[in-house]
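For the sequence shown, this note's numbering assigns the number 1140 to the initial residue and increments by one for each residue that follows.
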Amino acid sequence: MTAPTPILLVDDDERFRERLARALEQRGHAVATAAGRDEALAIARAQPIERAIVDLRMPGAHGLRVLKDLLELHPDAAVVILTGYFSIATTVDAIRGGARDYLVKPCDADRILAAFEREPGENGDADALPLETPSLARVEWEHIERVLRECDGNVSKAARVLGIHRRTLQYKLSKYPQSR
């Protein structure tokens, strides 16, 4: 009996990637992880890929580029795109580009696995999995964390990008300190 081909998980957020990989492994799936495009393509060239989970926004290559590259190597692969920033335009681009589904973070392993089981373009049973609506505070905090990460931890630059005063950002950061 051969080992199942792993699910390729591509996400630049190390904590999220490790947590999701662990959850998938607990559900009986082998998982290969990559922090970005180059690492993902090296894995995809070395072994067959039947399923992949790709973050939309990553430093360097955009998730839609990773989707295109993976499907060039493995045309029959089922790819689910994950994003913390929902937009109709990128949803359409992802589905047209060959993605099986487009899911908004936070998203648990069961919802992702269910997306692989549906046929492309099928919405699935809306009542099968509960809708997880994050609070406004959580969405704001995740956005601040993402912008701060993209600004390499530079609070002044992140405040400019967010369009808020540096002191306001420092206050928000002091309420929920980041783990370093």
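Glycine included, C-beta positions come from ideal geometry on N, C-alpha and C.
Alpha-carbon to alpha-carbon, residue j and residue i
{"i": "Leu-1312", "j": "Val-1193", "result": "28 Å"}
{"i": "Glu-1256", "j": "Asp-1208", "result": "22 Å"}
{"i": "Arg-1161", "j": "Asp-1215", "result": "25 Å"}
{"i": "Gly-1237", "j": "Arg-1299", "result": "36 Å"}
{"i": "Gln-1165", "j": "Pro-1198", "result": "29 Å"}
{"i": "Val-1294", "j": "Pro-1187", "result": "42 Å"}
{"i": "Val-1149", "j": "His-1201", "result": "11 Å"}
{"i": "Val-1231", "j": "Lys-1296", "result": "31 Å"}
{"i": "Asp-1249", "j": "Pro-1145", "result": "16 Å"}
{"i": "Glu-1289", "j": "Arg-1154", "result": "16 Å"}
{"i": "Asp-1247", "j": "Arg-1156", "result": "12 Å"}
{"i": "Ala-1169", "j": "Ile-1303", "result": "43 Å"}
{"i": "Glu-1178", "j": "Asp-1291", "result": "21 Å"}
Residue i and residue j closer than 9 Å at C-beta
{"i": "Arg-1176", "j": "Arg-1204", "result": "yes"}
{"i": "Ala-1183", "j": "Leu-1212", "result": "yes"}
{"i": "Leu-1195", "j": "Ala-1233", "result": "yes"}
{"i": "Ile-1220", "j": "Leu-1163", "result": "no"}
{"i": "Ala-1185", "j": "Val-1218", "result": "no"}
Nearest residue (CA-CA) to residue i, options the options
{"i": "Arg-1189", "options": "Gln-1309, Arg-1239, Glu-1289 and Ile-1234", "result": "Before going on, a small fix: residue 1189 reads as Glu here, not Arg. Checked all of Gln-1309, Arg-1239, Glu-1289 and Ile-1234; the closest Cα to Glu-1189 is Arg-1239."}
{"i": "Asp-1151", "options": "Arg-1305, Ala-1233 and Gly-1223", "result": "Gly-1223"}
{"i": "Glu-1279", "options": "Ser-1295, Pro-1245, Asp-1249 and Asn-1293", "result": "Pro-1245"}
{"i": "Leu-1301", "options": "Asp-1291, Leu-1287 and Arg-1156", "result": "Leu-1287"}
{"i": "Ala-1174", "options": "Gly-1167, His-1168 and Leu-1147", "result": "Leu-1147"}
{"i": "Val-1243", "options": "Asp-1249, Arg-1235 and Phe-1225", "result": "Phe-1225"}
{"i": "Lys-1314", "options": "Asp-1291, Gly-1167, Arg-1154 and Ala-1276", "result": "Ala-1276"}
{"i": "Thr-1229", "options": "Leu-1206, His-1168 and Ala-1253", "result": "Leu-1206"}
At a cut of 8 Å, does the region 1298-1314 reach the region 1280-1288 through at least three beta carbon pairs? Touching, per the Cβ criterion.
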